[in-house]
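Peer 1: Got a structure for you, questions after.
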Amino acid sequence: MAGSKLQSFWNHPAGPKTIFFWAPTVKWGISIANIVDFSEPPERISYPQQVALMCTGLIYSRYSMVITPKNWNLFGNSIFMAGTGLYQVTRKIRHDYMAEVTEAKE
Amino acid sequence: MKILQNFWNSPIGPKTTHFWGPVVGWGIPIAAMVDTNKPPELISGNLTTVMCVYSALFMRFAWMVQPRNLHLLALHAVNESVQLYQLSRWLKFQGFLGDKSLQQKNEEAET
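Chains A and B, in that order, are what the protein sequence lines are. Quick note on numbering that gives the first Met the number 0: the first sequence kicks off at 0 and runs consecutively. Quick note on numbering that gives the first Met the number 0: the second sequence kicks off at 0 and runs consecutively.
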């Protein structure tokens, strides 16, 4: 039972013998790198970069569902990437905005 | 005229998501190009390294996917170039790129 499931995974048209598996797998690295960078100070965040990651994540979620073969790995990855991008943007906005508020109070 | 028609009706043309996906994706290399004018302290080594590997793989992906997506291929080729440049700036800033005088100074400082 387990053997044939593994076999069907191994031989899948978007399986580990193809670029359709490895490209999105490595793309998870982008979200992971972003998560690692959550601990970096917000001054080091780049607005253009994070907004770009967020937008591409959203669009690629759709893209992954209309290509042949369908790519669920890329879909989940794109959702995650959009999420981490959004979080980084809000971190930086909060930092930039809150700093102004504290200055205004003083 | 025929070129425009071919483009309009292309399987990776503006009537399909295969076109608009990469259009939005251009944001990534453009953002990186904007970032080349900023000081290298702001570069994220993690993210830039991952981008270099990612774009290399996605150039192959764009070639092999159905329909073949040369637009996506071009996008990742450009991104690969920009990210490699940013990576070199970061490596230089971190002192990893064989600046002999810098290495010698570090060795002298250790001894």
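Yeah, the Cβ is synthetic: ideal placement off N, Cα and C, and Gly gets one too.
For the alpha helix (DSSP H) that contains Asn8 of chain B, what are its first and last residues?
Peer 2: Where Asn8 of chain B is concerned, the enclosing alpha helix (DSSP H) stretches over 1-8.
Peer 1: Express the C-alpha separation of Gly75 of chain A and Phe6 of chain B in angstroms, rounding to a whole number.
Peer 2: Cα to Cα, Phe6 of chain B sits roughly 31 Å from Gly75 of chain A.
Peer 1: Can at least three beta-carbon pairs, one atom from the segment 42-53 of chain B and one from the segment 20-33 of chain A, be found at a separation below 8 Å?
Peer 2: With the cut-off at 8 Å, the segment 42-53 of chain B and the segment 20-33 of chain A touch.
Peer 1: Below 8 Å, how does it come out for the segment 24-39 of chain B and the segment 60-67 of chain B: are there three or more Cβ pairs, yes or no?
Peer 2: Cβ pair count under 8 Å is below three, so no.
Peer 1: By how many angstroms is the C-alpha of Pro39 of chain B removed from the C-alpha of Pro68 of chain A?
Peer 2: Roughly 40 Å separates the two Cα atoms.
Peer 1: Any beta carbon of chain A sitting closer than 7 Å to that of Ser87 of chain B?
Peer 2: By this cut-off, Ser87 of chain B is not an interface position.
Peer 1: From what residue to what residue does the alpha helix (DSSP H) around Arg43 of chain A run?
Peer 2: From DSSP, Arg43 of chain A is part of no alpha helix (DSSP H); its letter is neither H nor E.
Peer 1: How would you write the range of the alpha helix (DSSP H) that Trp21 of chain A sits in, first residue to last?
Peer 2: Where Trp21 of chain A is concerned, the enclosing alpha helix (DSSP H) stretches over 18-35.
Peer 1: Does DSSP put Met15 of chain B in a helix, a strand or coil?
Peer 2: The residue you asked about is not Met; residue 15 of chain B is Thr in the sequence shown. DSSP places Thr15 of chain B in coil when its eight states are reduced to three.
Peer 1: Does DSSP classify Thr67 of chain A as helix, strand or coil?
Peer 2: Looking at Thr67 of chain A - three-state DSSP - the assignment turns out to be strand.
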